[in-house]
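Undergrad:
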Ligand SMILES: [Mn+2]
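Residue numbers (full-length UniProt numbering): 1 to 438.
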């Protein structure tokens, strides 16, 4: 991202803020695994959105004075020989002003004393409560200090407000630079799917396939997955949030692979379901084709002016109709649809926003009826999960299928970011014939 992009984002938020106010953003803290070992660091998405700065122990202040003058202050880690020796390169104060285009930068360990310099005459603090305990404590202390110690006036009150409704609305519409990052996240994720299904073979363990996909992400420039990879074989295809990934994959079963990488902080999100021995059996192919028809219909319908709700309704109608044809459901089509009978087989949403978070922020509107606009990015992921049930023909038991692409709404339709990996059953089979030796 260019520094102009971050300045544009900050200005957009500042334009909503009242005079004599400050917005506070805190970097994510590190999380200890044990002793001196920490979990891989992931910056807070909102903090990242306004800074592109990847260190912990930092806070950004966006300030609008009483006469509408805007400026920014960053508190970040001190950088010296000792910190560099232990933690490697850090940015420090001088470089932060240059590289992050902030007006002031001060050491993080001085924030509790120095922050008041920038809060004179401030009457509103915008802060996202309940994200981090340390941040909430600090903000309460700041308010008390200003009211009682500095102003010596217990009747003066500072108003605490939340910037999330504004910021999450800004994050919902993706800029050109964000779209480019999402496009690359989608491309790498889909490419990884394409490569690993050529390595899939019976008796391999689910976690071995997970390792292969991680290897592809890293090889193409994306170090981390955007979420915990799901590799579910056999009946595990029906477990929506399966992440144990520890079973042996057997010939004749399907494997559901839900994996996406993170690129420059932006998430890819792709799912494919493939036969472990390279050939769908007849029952698997029947269910597969219903889900395939569903995603293809959704991809046709997603455009400006449509909503997730209306597209979901169309997809549910088509899938219900086809499940009735296979005797998996029975009854009057309109009744089945009005009762949403399909929820025993399709129990999650068709789509979610994607961006800095895989389930990204932004309002969906009541009943998912938010009108879609160019620049919104979302997934499309119909699925059918048929657990053993006496009302369903036995040949379908244990079949779980999800097919998922990531898209961006354009001026006249949508752009599919994950087309590198095929969806058509025949194409999947012919890809899998091109086995790679391991
Ligand atoms: Mn998804």
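Even glycine gets a Cβ: it sits at the ideal position worked out from N, Cα and C.
Hey, quick one: how far does the beta strand (DSSP E) through residue 414 stretch, first residue to last?
TA: Working through the chain shown from its first residue, we reach residue 414 at position 414. Residue 414 -> beta strand (DSSP E) spans 414–416.
Undergrad: Which value, in whole angstroms, describes the spacing of the CA atoms of residue 398 and residue 380?
TA: Position 398 of the chain shown, counting from 1, holds the residue named residue 398. Position 380 of the chain shown, counting from 1, holds the residue named residue 380. Rounded to the nearest angstrom, the two C-alpha atoms are 23 Å apart.
Undergrad: For residue 432 and residue 419, what's the separation of their Cα atoms in angstroms?
TA: Along the chain shown, read from residue 1 onward, the residue named residue 432 stands at position 432. Along the chain shown, read from residue 1 onward, the residue named residue 419 stands at position 419. Those two C-alpha atoms are separated by around 17 Å.
Undergrad: Take residue 314 and list the residues in its own chain whose beta-carbon comes closer than 8 Å to its own, dropping the five residues that flank it on each side.
TA: What you label residue 314 is simply residue 314 of the chain shown in a count that begins at 1. These residues qualify, in order along the chain: 297, 298 and 301.
Undergrad: Does the distance from the C-beta atom of residue 372 to that of residue 306 stay below 8 Å?
TA: As a first step, residue 372 is located in the chain shown; it is residue number 372 there, counting from the start. As a first step, residue 306 is located in the chain shown; it is residue number 306 there, counting from the start. In contact: residue 372 and residue 306 (Cβ atoms closer than 8 Å).
Undergrad: Per DSSP, what kind of secondary structure is residue 67 in: helix, strand or coil?
TA: Along the chain shown, read from residue 1 onward, the residue named residue 67 stands at position 67. It is coil, neither helix nor strand.
Undergrad: To which residues does DSSP link residue 2 through a beta bridge?
TA: Translated into positions along the chain shown, residue 2 becomes position 2. Its beta-bridge partners do not exist; DSSP assigns none.
Undergrad: Looking at residue 114 and ligand 1, is the gap between the Cβ and the nearest heavy atom below 7 Å?
TA: Numbered from 1 along the chain shown, position 114 holds the residue referred to as residue 114. Answer for residue 114: no, Cβ out of range of ligand 1.
Undergrad: Going by beta carbon distance, what residues of the same chain come within less than 7 Å of residue 294, once the five residues before and after it are set aside?
TA: Within the chain shown, the letter at position 294 stands for residue 294. Here the set comprises 315, 318, 319 and 382.
Undergrad: Would you decide whether residue 86 is buried or exposed? Buried here means 16 or more other CB atoms lie within 10 Å of its CB.
TA: In the chain shown, counting from the first residue as 1, residue 86 sits at position 86. Residue 86 comes out exposed.
Undergrad: Going straight from the alpha carbon of residue 6 to that of residue 263, what length do you get?
TA: Against the chain shown, residue 6 aligns to sequence position 6. Against the chain shown, residue 263 aligns to sequence position 263. Rounded to whole angstroms, residue 6 to residue 263 spans 17 Å at the Cα level.
Undergrad: Whole angstroms is fine: what's the gap from residue 28's alpha carbon to residue 424's?
TA: The sequence position of residue 28 within the chain shown is 28, counting from 1. The sequence position of residue 424 within the chain shown is 424, counting from 1. Each residue's alpha carbon lies about 41 Å from the other.
Undergrad: What does DSSP give as the partner residue(s) for residue 15 in the beta ladder?
TA: Taking the chain shown and counting its residues from 1, one reaches residue 15 at position 15. Residue 15 pairs with nothing; no bridge assigned.
Undergrad: For residue 61, which of helix, strand or coil comes out of DSSP?
TA: Residue mapping note: residue 61 aligns to position 61 of the chain shown, counting from 1. Strand.
Undergrad: Under 8 Å by Cβ, that's how I've got residue 205 and residue 248 pegged, so tell me the actual separation to the nearest angstrom.
TA: The count along the chain shown starts at 1 and reaches residue 205 at position 205. The count along the chain shown starts at 1 and reaches residue 248 at position 248. Residue 205 to residue 248, Cβ: 6 Å. Contact.
Undergrad: Nearer than 7 Å: is that true of the beta carbon of residue 357 relative to any heavy atom of ligand 1?
TA: As a working note, residue 357 is residue 357 in the chain shown. Residue 357 Cβ: outside cutoff for every heavy atom of ligand 1.
Undergrad: Can you tell me which of 21, 178 and 290 puts its alpha carbon nearest to the alpha carbon of residue 8?
TA: Position 8 of the chain shown, counted from the start, is the residue given in the question as residue 8. Selected option, being the one with the closest Cα: 178.
Undergrad: Please report the distance separating the alpha-carbon of residue 95 from that of residue 265.
TA: Walking along the chain shown from the start, residue 95 turns up at place 95. Walking along the chain shown from the start, residue 265 turns up at place 265. Cα-Cα distance, rounded: 22 Å.
Undergrad: I need the boundaries of the alpha helix (DSSP H) containing residue 46, first residue and last residue.
TA: For this step, residue 46 is matched to residue 46 along the chain shown. That run of the alpha helix (DSSP H) goes 45–51.
Undergrad: Anyone know if the C-beta pair for residue 392 and residue 401 falls short of 8 Å?
TA: In the chain shown, counting from the first residue as 1, residue 392 sits at position 392. In the chain shown, counting from the first residue as 1, residue 401 sits at position 401. Cβ atoms of residue 392 and residue 401: not closer than 8 Å.
Undergrad: Can you tell me whether residue 18 is buried or exposed? The criterion is at least 16 other CB atoms within 10 Å of its CB, across all chains shown.
TA: The residue you call residue 18 lines up with position 18 of the chain shown. Under this definition residue 18 is an exposed residue.
Undergrad: Flag residue 269 as yes when its Cβ comes closer than 7 Å to any non-hydrogen atom of ligand 1, and as no otherwise.
TA: Looking up residue 269 in the chain shown gives position 269. Indeed, a heavy atom of ligand 1 lies less than 7 Å from the Cβ.
Undergrad: To the nearest angstrom, how far is it from the Cα of residue 245 to the Cα of residue 271?
TA: Within the chain shown, the letter at position 245 stands for residue 245. Within the chain shown, the letter at position 271 stands for residue 271. Their Cα atoms are separated by approximately 15 Å.
Undergrad: Specify the secondary structure class of residue 426 as computed by DSSP and reduced to three states.
TA: As a position in the chain shown, residue 426 is number 426, starting the count at 1. Here residue 426 sits in helix by DSSP.
Undergrad: Does residue 388 pass the burial test, meaning 16 or more other C-beta atoms within 10 Å, or should it be called exposed?
TA: Within the chain shown, numbered from 1, the residue matching residue 388 stands at position 388. Flag for residue 388 reads exposed.
Undergrad: Determine the burial state of residue 352: buried for a count of at least 16 other Cβ atoms within 10 Å of its Cβ, exposed for fewer.
TA: Locating residue 352 in the chain shown gives position 352, counting from the first residue. By the neighbour-count rule (16 or more Cβ atoms within 10 Å), residue 352 is buried.
Undergrad: Which class does residue 438 belong to by DSSP, given the choice of helix, strand or coil?
TA: On the chain shown, residue 438 is found 438 positions in, with the first residue counted as 1. Confidence at residue 438 is low in this model, with a pLDDT of 46, below 50, so the placement of that residue is unreliable and no value is reported for it.
Undergrad: Are the CB atoms of residue 240 and residue 216 nearer to each other than 8 Å?
TA: As a position in the chain shown, residue 240 is number 240, starting the count at 1. As a position in the chain shown, residue 216 is number 216, starting the count at 1. Result no, Cβ atoms of residue 240 and residue 216 do not sit closer than 8 Å.
Undergrad: Among the candidates 328, 62, 176 and 39, whose CA atom is the shortest distance from the CA of residue 122?
TA: Your numbering for residue 122 matches position 122 in the chain shown. Residue 122 has its Cα closest to that of 62, out of 328, 62, 176 and 39.
Undergrad: Could you compute how far the alpha carbon of residue 209 sits from the alpha carbon of residue 230?
TA: The count along the chain shown starts at 1 and reaches residue 209 at position 209. The count along the chain shown starts at 1 and reaches residue 230 at position 230. Taking the straight line joining both Cα atoms gives about 10 Å.
Undergrad: Straight-line CA distance for residue 72 to residue 103?
TA: In the chain shown, residue 72 corresponds to position 72, counting from 1. In the chain shown, residue 103 corresponds to position 103, counting from 1. Taking the straight line from one Cα to the other gives about 5 Å.
Undergrad: Do you know offhand how far residue 41's Cα is from residue 57's?
TA: Along the chain shown, read from residue 1 onward, the residue named residue 41 stands at position 41. Along the chain shown, read from residue 1 onward, the residue named residue 57 stands at position 57. Looking at the two C-alpha atoms, the distance is approximately 12 Å.
Undergrad: Does any C-beta atom of chain D lie closer than 8 Å to the C-beta of residue 225?
TA: Chain labels in this structure do not include chain D; a single protein chain is all it has.
Undergrad: Exposed or buried, what is residue 219 when buried is set at 16 or more other beta-carbons lying within 10 Å of its beta-carbon?
TA: As a position in the chain shown, residue 219 is number 219, starting the count at 1. Residue 219 should be labelled exposed.
Undergrad: Over the uninterrupted alpha helix (DSSP H) stretch that includes residue 255, give me the two end residues.
TA: Here residue 255 is taken as the residue at index 255 of the chain shown, counted from 1. First-last for residue 255: 254–258, but that is the beta strand (DSSP E), not the alpha helix (DSSP H).
Undergrad: Would you be able to state if there are at least three C-beta pairs under 8 Å between the stretch 77–91 and the stretch 112–128?
TA: no
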